[in-house]
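Protein chains in written order, with the UniProt record's numbering: chain W, 1 to 282; chain X, 1 to 477.
By construction, the Cβ of each residue, glycine as well, lies at the ideal position given by its N, Cα and C atoms.
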């Protein structure tokens, strides 16, 4: 499976895993009070004891959770594709900077390491924070809550299916497909091989802009298959294409090269956007 | 006493320190603007646009601009159309109100396009309109969408030639053999017709989305700015433009800052400024080098550490920059405030006005619903004494730089009668809500005023809500 698709799955998993959290994106009022004065989180006091620090994490109220929610929200914003029009570069840059800022802070106060140690039992303090950590933590969460998360998803789709829309059907079937594949991917996934560097994913956001410039016409024509657009559209939401990100990405699992019509993809995307919106707001 | 030492007589000093009396000269001539934002009583004058709440996407107003005399008012919308209103000549019998603005010309400026190379649509939404100063009978304006700038000529035709020898009046050609006498065609009056024709099309110079255009004080050149580059054009030459600012990093992975607005200095034809998403303004001099990547001045206010949050950068992003008419000051608008900068002082603004500070505690919600990315514009009045900007809930704010007083007004159809004085509004930030106040939670964030314009000479303002254009003027006694 291509690296790009892996990464897009990762982010998609992030999205879903954040839905399963109890304090989710919808509690923005709470978030507002946390962020209102930009309060610095309570210091860890440099405790070396892992258990103690883990207990510290749970005791610290929600700053970390809220920060994580903000991070998830930001990634979702970067993910969601827009229609045929190029999204706003200024907005994307600002969101990406916010994500970087959160990542830096998480690196500084060792939260990333904590999560890493918690899940794998390895203490690699020197390793630069990468999406490895993010992957593993979210994978753990995702696998743990795999069934319920998808269950909710499927329920929504089932009710949509009742509307007798062929487009919804295709989306539904394509969503169910990755469920099995996803767990396989992450089980097979070797941490060392995971090239989904967090920083890199942000970089790719802007790189795709370069790739799409008129200068790289050869690039454009060299990879006409769907996977070229998948990661770009999933990650950046900037390169909207007639073959849209969400539906296209998911469809690759069901059918190899799917040349869906524009209108088909558009309504797929509309449905998926709508559902994601519901999930985010629920 | 100081006055003794410097030789000033006591009497003069006393006069200078007194409060101005009533009925002084600036009370009787409010159009000079020195009276202050609160001394002006703003009245509803007109509203243009559809009444129903269902807003058609194409009708969303995206830019508003008075021309240099104030006689014409142009609006651009999301559907690529430009509508120009003209002020009626003042009626001598109706001396208590200024002329009304009525539709003068409507034309389709930009059409949606498709970029085949990137497989992306190019929106026809008009991002900016800028008028050229009038040189002859016709009017000229520049309008731009994300990629293409067009120079439009708007001309009047109120005469037409009649009495052709070879043509009938309805246009059909006459058989030359039937012509027995010759006559000279003459011009006869006709109903006024206003024609708009595109005279120049400046295309293919921007990879990213154009956010600003600004005409130079030499009236021959203008600049266009997109997210990463600024280009200089000559109004007569469409196939060539010069790149004067380029902040695109060699490696797009390193992109952290974009250009948000740019403007030429009103008097100095080699000076321009551009603002960034990180809250900085750079002043550049084109005489220094061909590529103005190195700024001459950098205007930046140090961050307030007590207000630091994850949203600090986003709310510091500047959405608009405008020079004062005098050219001495410039104004910037970021998400929560308006700042006035003296061009001679780079390290901090000389004045800061809070537009809607009560939103600071709601930033996360506003981030979630994307409102935090709204780009509000700002404008000066003719005498540079008052500045105005928009807010949510169809509120707009004015700040008087002299009296330091501010006022919040609402653009709504409820105050529909002409010469109805607008009632000041107040938002209750927290605690007990007084009567007539509105609590922050009941603000409608879908009703935002992003675009406002002030008549260059009179106290007439144009305020655009989502799809309506309101015109207010001061109460004339």
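Cutting at 6 Å between CB atoms, please list the residues of its own chain near residue 460/X, excluding the five before and the five after it. Reading the second chain from its first residue, position 460 is the one you call residue 460/X. Around residue 460/X: 473.
Straight-line gap, residue 175/X to residue 165/X (C-alpha atoms, nearest Å): Locating residue 175/X in the second chain gives position 175, counting from the first residue. Locating residue 165/X in the second chain gives position 165, counting from the first residue. Approximately 10 Å, taken between the alpha carbons.
Does the beta-carbon of residue 78/X have 16 or more other beta-carbons within 10 angstroms, so that it is buried, or is it exposed? Position 78 of the second chain, counted from the first residue, corresponds to residue 78/X. The residue is buried, with at least 16 neighbouring Cβ atoms inside 10 Å.
Residue 258/X CB to nearest chain W CB: under 8 Å? Locating residue 258/X in the second chain gives position 258, where the first residue counts as 1. Yes, its Cβ sits closer than 8 Å to a Cβ of chain W.
C-beta contact flag for residue 310/X and residue 98/W at 8 Å: Numbered from 1 along the second chain, position 310 holds the residue referred to as residue 310/X. Numbered from 1 along the first chain, position 98 holds the residue referred to as residue 98/W. Taking 8 Å as the Cβ cut-off, residue 310/X and residue 98/W qualify as a contacting pair.
Applying the 10 Å Cβ sphere with the 16-neighbour rule, what's the burial state of residue 201/X? Taking the first residue of the second chain as position 1, residue 201/X is located at position 201. Classification of residue 201/X: exposed, given that the 10 Å Cβ count is below 16.
Nearest to residue 278/X by alpha carbon, out of 302/X, 297/X, 285/X? For this step, residue 278/X is matched to residue 278 along the second chain. Per the Cα distances, 302/X.
Which same chain residues end up closer than 7 Å to residue 266/X when comparing Cβ atoms and leaving out the 5 residues on each side of it in sequence? Residue 266/X sits at position 266 when you count from the first residue of the second chain. Excluding positions up to five away in sequence, the list reads 217, 323, 325, 327.
Inspect the CB distances between the region 100-109 of chain X and the region 72-88 of chain X and report whether three or more fall short of 8 Å. yes
To the nearest angstrom, how far is it from the Cα of residue 373/X to the Cα of residue 168/X? Indexing the second chain from 1 puts residue 373/X at position 373. Indexing the second chain from 1 puts residue 168/X at position 168. For residue 373/X and residue 168/X, the distance between alpha carbons rounds to 60 Å.
Looking at the secondary structure, which residues open and close the alpha helix (DSSP H) in which residue 287/X lies? Taking the second chain and counting its residues from 1, one reaches residue 287/X at position 287. No alpha helix (DSSP H) contains residue 287/X, which DSSP labels as neither H nor E.
Go through its chain and collect everything with a Cβ distance to residue 287/X's Cβ below 6 Å, but skip five positions before and after it. Here the question's residue 287/X lines up with position 287 in the second chain. Result list for residue 287/X: 270, in chain order.
Just confirm the distance between the C-beta atoms of residue 136/X and residue 62/X, as a whole number of angstroms; I'd bet it's less than 8 Å. Reading the second chain from its first residue, position 136 is the one you call residue 136/X. Reading the second chain from its first residue, position 62 is the one you call residue 62/X. Between residue 62/X and residue 136/X the Cβ distance is about 29 Å, and since that is not below 8 Å, they are no contact.
Assuming residue 42/X and residue 421/X are in contact, meaning their beta carbons sit under 8 Å apart, how far apart are those beta carbons, in whole angstroms? The residue you call residue 42/X lines up with position 42 of the second chain. The residue you call residue 421/X lines up with position 421 of the second chain. The pair is a contact, with the Cβ atoms about 7 Å apart (cut-off 8 Å).
Interface partners of residue 101/W on chain X, CB under 8 Å: Position 101 of the first chain, counting from 1, holds the residue named residue 101/W. Ordered by position in chain X, the residues that pass the 8 Å Cβ test against residue 101/W are 310, 313.
So what's residue 345/X in DSSP terms, helix, strand or just coil? Sequence index remark: in the second chain, residue 345/X carries index 345 (1-based). Coil, per DSSP.
What residues from chain X crowd round residue 345/W, counting only those whose CB sits closer than 9 Å? The requested residue 345/W does not occur in the structure, where chain W is confined to residues 1 to 282.
Helix, strand or coil at residue 194/X [DSSP, three-state]: For the purposes of this step, residue 194/X is taken as the residue at position 194 of the second chain. Correct three-state label for residue 194/X: strand.
Inspect the CB distances between the region 192-210 of chain X and the region 220-229 of chain X and report whether three or more fall short of 8 Å. yes
Assuming contact is defined by CB atoms lying nearer than 8 Å, are residue 428/X and residue 414/X in contact in what I supplied? The residue you call residue 428/X lines up with position 428 of the second chain. The residue you call residue 414/X lines up with position 414 of the second chain. Cβ distance not < 8 Å, so residue 428/X and residue 414/X don't count as in contact.
For residue 111/X versus residue 124/X, is the C-beta distance shorter than 8 Å? On the second chain, position 111 is the one that residue 111/X refers to. On the second chain, position 124 is the one that residue 124/X refers to. Yes. Within cutoff.
is_contact[residue 471/X, chain W] using C-beta, thresh 8 Å: Counting from 1 along the second chain, the entry for residue 471/X is found at position 471. Answer no: the Cβ-Cβ gap between residue 471/X and chain W never drops below 8 Å.
Based on the DSSP secondary-structure assignment, which residues constitute the bridge partners of residue 378/X? Indexing the second chain from 1 puts residue 378/X at position 378. Per DSSP, 389/X.
Limits of the unbroken beta strand (DSSP E) element including residue 358/X: By 1-based counting over the second chain, the position of residue 358/X is 358. No beta strand (DSSP E) holds residue 358/X; DSSP gives it neither H nor E.
Provide the residue span of the beta strand (DSSP E) that contains residue 298/X, from first to last. Position 298 of the second chain, counting from 1, holds the residue named residue 298/X. Its beta strand (DSSP E) spans residues 297-299.
Per the DSSP calculation, residue 470/X is bridged to which residue(s)? If you number the second chain from 1, residue 470/X lands on position 470. Bridge partners of residue 470/X: 47/X, 463/X.
Considering only their Cβ atoms, is the gap separating residue 195/X from residue 157/X smaller than 8 Å? Sequence index remark: in the second chain, residue 157/X carries index 157 (1-based). Sequence index remark: in the second chain, residue 195/X carries index 195 (1-based). Yes, the pair counts as a contact, with Cβ atoms nearer than the cut-off.
Do you know whose CA, among 293/X, 153/X, 354/X, lies nearest residue 246/X's CA? Stepping through the second chain from its first residue, residue 246/X is reached at position 246. Closest by alpha carbon: 293/X.
Buried versus exposed call for residue 404/X [16 or more other C-beta atoms within 10 Å across all chains shown]: Taking the first residue of the second chain as position 1, residue 404/X is located at position 404. Answer is exposed; the Cβ neighbour count stays below 16.
Under DSSP, the alpha helix (DSSP H) around residue 96/W begins and ends at which residues? Taking the first residue of the first chain as position 1, residue 96/W is located at position 96. Looking at the DSSP string, the run of the alpha helix (DSSP H) that includes residue 96/W is 89-108.
For the putative contact between residue 263/X and residue 212/X, defined by C-beta atoms under 8 Å, what is the C-beta separation to the nearest angstrom? Here residue 263/X refers to the residue found at position 263 of the second chain. Here residue 212/X refers to the residue found at position 212 of the second chain. Confirmed, Cβ separation roughly 7 Å.
Sequence-distant residues of the same chain with beta carbon closer than 6 Å to residue 426/X, five excluded per side: Against the second chain, residue 426/X aligns to sequence position 426. Correct list, in chain order: 437.
Are the beta-carbon atoms belonging to residue 331/X and residue 338/X less than 8 Å from one another? Position 331 of the second chain, counting from 1, holds the residue named residue 331/X. Position 338 of the second chain, counting from 1, holds the residue named residue 338/X. Cβ atoms of residue 331/X and residue 338/X: closer than 8 Å.
Residues sharing a beta bridge with residue 82/X, DSSP: In the second chain, counting from the first residue as 1, residue 82/X sits at position 82. DSSP lists 76/X, 107/X as partners of residue 82/X.
Completely contained alpha helix (DSSP H) runs for the region 106-159 of chain X, where each covers 4 or more residues: none
Excluding five sequence neighbours on each side, which residues of the same chain lie with their C-beta closer than 6 Å to the C-beta of residue 73/X? Reading the second chain from its first residue, position 73 is the one you call residue 73/X. So the qualifying residues of the chain are 66, 85, 101, 462.
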